[in-house]
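Asker: Read left to right, the sequence shown gives residues -19 to 397 (my numbering).
Beta carbons are placed, not taken as given, at the ideal position from N, Cα and C, and that holds for glycine.
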Amino acid sequence: MKITPIFHILSILIMPLSGFMMVSGFVDFVYNNQNWINFFISATITLFVGMSVFLATRGHNDQNIDLRQAFVLTTMSWITIAFFGALPFYLSNINLNFTDSFFESMSGITTTGSTILISIEASPPGILVWRSLLQWLGGIGVIVMAIAIFPMLSVGGMQLFKAENFENPEKVVPRATSLTRGIFIIYSVLTLIWASLLYLSGMSSFDSILHSMTTIATGGYSTKSGSIGAFNSQLIDWIIILGMIFGSLPFVHYLAMTKGSYRDLIKDSQVRWFLVLLTILVLTIFSLLFLNGTYDWKDSIRYSAFNVTSILTGTGYGTADFGLWGGFAPTILLLCMFIGGCAGSTTCGIRMFRLQVLASSANAQLIRLLRPHSIVLPHYNEKPVPDNVTNSVMGFFHLYSCICGHCKRSKYFGVRF
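Structure below.
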């Protein structure tokens, strides 16, 4: 397997990071924070390495990578971007070692949302911008991987979304490039819309821009240690709820809307399942909070809608202490954490379409047991699901469960998460 095309594409991916580092450094410069020098150094290192690798691998056709190369590229891209993304944290004056810096960067670029920072407000403004930019860029990466790369690699059942015009594995990179252009425009427009809405709702221009980026990316990084709860605004809560929902729906349908296909979004069964499940969970938590007298009915619907949406989508924003909600409500929220949103969105988790395939497959298996001579196939969006997709989804589900179980077991050995 030739690795030069892989390094060539990686160099193209990391070079733009230097530009975003300069943007963050410029913010520190405007706020008269000396940390801008560290961003300049990080940008110089990133650009130098990226340009050097690009020139060294120039002449290799990055449009014709095979599936093995695509697998390696997918893995290496996250690690490489997170590595260089850690430089501003490591070189800054917030006193993080490289392990913690890499954690913060990886958490951002994968839109995980976990943070190593203790006092977020005390961080330089450029660092806050860099955290939000990492999540915003990571959100685009998650979408592109989901709708352009993973279907070609047949990962986790994503081959179910493979387009007929891109069956050739050699078209992986051109497809990703074409989709990225359209997604970037829609992604940017949604970010600007939510930045405007948050600004009009009372946020400062700085906070509104950064929170709009992490809301659409369903990442959860905030400029406040108290997350969204620090603003204590009903209007801000509801605006962010809508933003998280928009980020949880398939972005490929937003692309279709620009071409006049407005019904595709509602026709997609995973979208309907997601919205129905979200509604049921919100009403359930609302009932528990209101009937137990935790809040009045207005605050009950507000806090239940926000926190259920945040956890279901994997965003991670918070506006309340779940420990005060009794035992049953936090348990429901914990289960929500594993579900996630729709395929082709910025959310995390198992995703709705996989749960649909698993449910349909289980139903088909039960019917076969009751009626052995019947021919029953699992369906998704009223179409039969091939066996290889079902097996891939089951494999993903088992691997996901094993990793979660391993993390839980590690706690008994003193490893904290």
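Tell me which same chain residues have a C-beta within less than 6 Å of the C-beta of THR160, skipping the five on either side of it?
Answerer: Start at 1 with the first residue of the sequence shown, and residue 160 comes out as number 180. Closer than 6 Å at the Cβ level, and outside the excluded window around THR160, lie VAL124.
Asker: Which value, in whole angstroms, describes the spacing of the CA atoms of SER372 and LEU338?
Answerer: Working through the sequence shown from its first residue, we reach residue 372 at position 392. Working through the sequence shown from its first residue, we reach residue 338 at position 358. Approximately 11 Å between the Cα atoms of the pair.
Asker: Leaving out five residues before and five after ILE(-14) in sequence, what residues of the same chain have Cβ atoms less than 8 Å from its Cβ?
Answerer: As a working note, residue -14 is residue 6 in the sequence shown. Result list for ILE(-14): ILE45, GLN49, VAL52, LEU53 and MET56, in chain order.
Asker: How big is the Cα-Cα spacing for SER241 and LEU170?
Answerer: For the purposes of this step, residue 241 is identified with residue 261 of the sequence shown, where counting begins at 1. For the purposes of this step, residue 170 is identified with residue 190 of the sequence shown, where counting begins at 1. Looking at the two C-alpha atoms, the distance is approximately 18 Å.
Asker: Within the chosen definition, does the segment 224 to 244 reach the segment 203 to 213 through at least 3 CB pairs nearer than 8 Å?
Answerer: These segments do not touch.
Asker: Helix, strand or coil for PRO105 per DSSP?
Answerer: The sequence position of residue 105 within the sequence shown is 125, counting from 1. Helix, per DSSP.
Asker: For the structure I just gave you, are there three or more beta carbon pairs, one from the segment 93 to 109 and one from the segment -3 to 8, closer than 8 Å?
Answerer: As far as the Cβ criterion goes, the segment 93 to 109 touches the segment -3 to 8, which means the pair count is three or higher.
Asker: Determine the direct distance from the alpha carbon of LEU292 to that of ARG331, and round the result to whole angstroms.
Answerer: Mapped onto the sequence shown, residue 331 falls at position 351. Mapped onto the sequence shown, residue 292 falls at position 312. Going by the C-alpha atoms only, they are around 10 Å apart.
Asker: Taking the DSSP output, what are the residues bridged to LYS363?
Answerer: Start at 1 with the first residue of the sequence shown, and residue 363 comes out as number 383. DSSP, once it has assigned bridges, lists TYR360 as partnering LYS363.
Asker: Does GLU101 pass the burial test, meaning 16 or more other C-beta atoms within 10 Å, or should it be called exposed?
Answerer: Mapped onto the sequence shown, residue 101 falls at position 121. Its Cβ having fewer than 16 others within 10 Å, GLU101 is exposed.
Asker: Once DSSP output is grouped into helix, strand and coil, what is the label at LYS278?
Answerer: Here the question's residue 278 lines up with position 298 in the sequence shown. Helix, per DSSP.
Asker: Once you ignore the five residues that flank ILE(-17) on each side, which residues in its own chain have a CB closer than 7 Å to its CB?
Answerer: Translated into the one-based positions of the sequence shown, residue -17 becomes position 3. Here the set comprises nothing.
Asker: Less than 8 Å between the C-beta atoms of GLY119 and THR91, yes or no?
Answerer: Position 139 of the sequence shown, counted from the start, is the residue given in the question as residue 119. Position 111 of the sequence shown, counted from the start, is the residue given in the question as residue 91. In this structure, THR91 lies closer than 8 Å to GLY119 by Cβ.
Asker: In terms of residues, what are the limits of the alpha helix (DSSP H) holding CYS316?
Answerer: Indexing the sequence shown from 1 puts residue 316 at position 336. Per DSSP, CYS316 belongs to the alpha helix (DSSP H) from 308 to 316.
Asker: Go through its chain and collect everything with a Cβ distance to ASP8's Cβ below 7 Å, but skip five positions before and after it.
Answerer: Position 28 of the sequence shown, counted from the start, is the residue given in the question as residue 8. Within the same chain, ASP8 has close Cβ partners ASN15, TRP16, PHE19, PRO104, PRO105 and GLY106.
Asker: Tell me the DSSP secondary structure of GLU150 in three-state form.
Answerer: Within the sequence shown, numbered from 1, the residue matching residue 150 stands at position 170. Its pLDDT being 45, under 50, GLU150 is placed unreliably by the model, and nothing is read from it.
Asker: Kindly indicate the opening and closing residues of the alpha helix (DSSP H) around ASP244.
Answerer: Taking the sequence shown and counting its residues from 1, the one referred to as residue 244 is at position 264. That run of the alpha helix (DSSP H) goes 244 to 247.
Asker: Going along the chain, which unbroken runs of the alpha helix (DSSP H) with 4 or more residues stay wholly within the segment -5 to 36?
Answerer: Whole alpha helix (DSSP H) segments, 4+ residues: 16 to 36.
Asker: Take TYR11 and list the residues in its own chain whose beta-carbon comes closer than 8 Å to its own, dropping the five residues that flank it on each side.
Answerer: Along the sequence shown, one-based indexing puts residue 11 at 31. Excluding residues within five positions, the ones whose Cβ falls inside 8 Å are PRO104, PRO105 and GLY106.
Asker: Is GLY30 near ILE59, with beta carbons less than 8 Å apart?
Answerer: Within the sequence shown, numbered from 1, the residue matching residue 30 stands at position 50. Within the sequence shown, numbered from 1, the residue matching residue 59 stands at position 79. Their beta carbons are not under 8 Å apart, which means GLY30 does not touch ILE59 by this criterion.
Asker: Cα separation between GLY121 and THR274?
Answerer: The residue labelled residue 121 in the question sits at position 141 within the sequence shown. The residue labelled residue 274 in the question sits at position 294 within the sequence shown. Those two C-alpha atoms are separated by around 40 Å.
Asker: Spatial neighbours of ILE221 within its chain, please: C-beta separation below 7 Å, excluding the five flanking residues on both sides.
Answerer: Here residue 221 refers to the residue found at position 241 of the sequence shown. Hits under 7 Å: ALA285, PHE286 and THR289.
Asker: So, is PRO358 buried or exposed, given that buried needs 16 or more other C-beta atoms within 10 angstroms?
Answerer: Here residue 358 corresponds to residue number 378 of the sequence shown, with the count starting at 1. Counting Cβ neighbours within 10 Å, PRO358 comes out buried, since at least 16 surround it.
Asker: Would you please state the rounded distance, in angstroms, between the beta carbons of GLY296 and GLY200? I believe it to be under 8 Å.
Answerer: Looking up residue 296 in the sequence shown gives position 316. Looking up residue 200 in the sequence shown gives position 220. Right, their Cβ atoms sit about 3 Å apart.
Asker: Among the candidates PHE254, LEU71, TRP110 and ARG38, whose CA atom is the shortest distance from the CA of PHE186?
Answerer: Indexing the sequence shown from 1 puts residue 186 at position 206. Measuring from the Cα of PHE186, the nearest candidate turns out to be TRP110.
Asker: With a threshold of 6 Å on Cβ separation, who are the neighbours of SER188 within its own chain once the five nearest residues in sequence on each side are excluded?
Answerer: Residue mapping note: residue 188 aligns to position 208 of the sequence shown, counting from 1. Once the five neighbours on either side are set aside, the close Cβ partners of SER188 are ALA175, LEU178 and TYR179.
Asker: Using a Cβ-Cβ cutoff of less than 7 Å, which residues in the same chain neighbour ASN145 once the five nearest sequence positions on both sides are dropped?
Answerer: Within the sequence shown, numbered from 1, the residue matching residue 145 stands at position 165. At ASN145 the pLDDT is 37, less than 50, meaning the model places this residue with poor confidence and gives no usable figure here.
Asker: How far does the alpha helix (DSSP H) with ASP217 in it reach, from first residue to last?
Answerer: For the purposes of this step, residue 217 is taken as residue 237 along the sequence shown, with counting starting at 1. 214 to 228 is the extent of the alpha helix (DSSP H) around ASP217.
Asker: Cβ of ALA300 within 8 Å of Cβ of TYR283?
Answerer: The count along the sequence shown starts at 1 and reaches residue 300 at position 320. The count along the sequence shown starts at 1 and reaches residue 283 at position 303. Yes, Cβ-Cβ distance for ALA300 and TYR283 is below 8 Å.
Asker: Assign ASP367 to buried or exposed, taking buried as 16 or more other Cβ atoms, counted over all protein chains shown, within 10 Å of its Cβ.
Answerer: Indexing the sequence shown from 1 puts residue 367 at position 387. The residue is exposed, with fewer than 16 neighbouring Cβ atoms inside 10 Å.
Asker: How many Å lie between SER354 and TRP253 at the Cα?
Answerer: Your numbering for residue 354 matches position 374 in the sequence shown. Your numbering for residue 253 matches position 273 in the sequence shown. Straight-line Cα distance between these residues: approximately 28 Å.
Asker: Taking 7 Å as the cut-off, is the beta-carbon of THR26 closer than that to any non-hydrogen atom of the ligand ATP?
Answerer: This structure lacks the ligand ATP, and indeed carries no ligand of any kind.
Asker: With C-beta atoms as the reference, is GLY294 less than 8 Å away from GLY329?
Answerer: The sequence position of residue 294 within the sequence shown is 314, counting from 1. The sequence position of residue 329 within the sequence shown is 349, counting from 1. Cβ atoms of GLY294 and GLY329: closer than 8 Å.
Asker: Considering Cα atoms alone, identify which of ASP248, GLN345, PHE318 and ILE98 is closest to HIS378.
Answerer: As a first step, residue 378 is located in the sequence shown; it is residue number 398 there, counting from the start. The shortest Cα separation from HIS378 among ASP248, GLN345, PHE318 and ILE98 belongs to PHE318.
Asker: Pick helix, strand or coil for THR90, following the three-state DSSP scheme.
Answerer: Residue 90 sits at position 110 when you count from the first residue of the sequence shown. Coil at THR90, not helix or strand.
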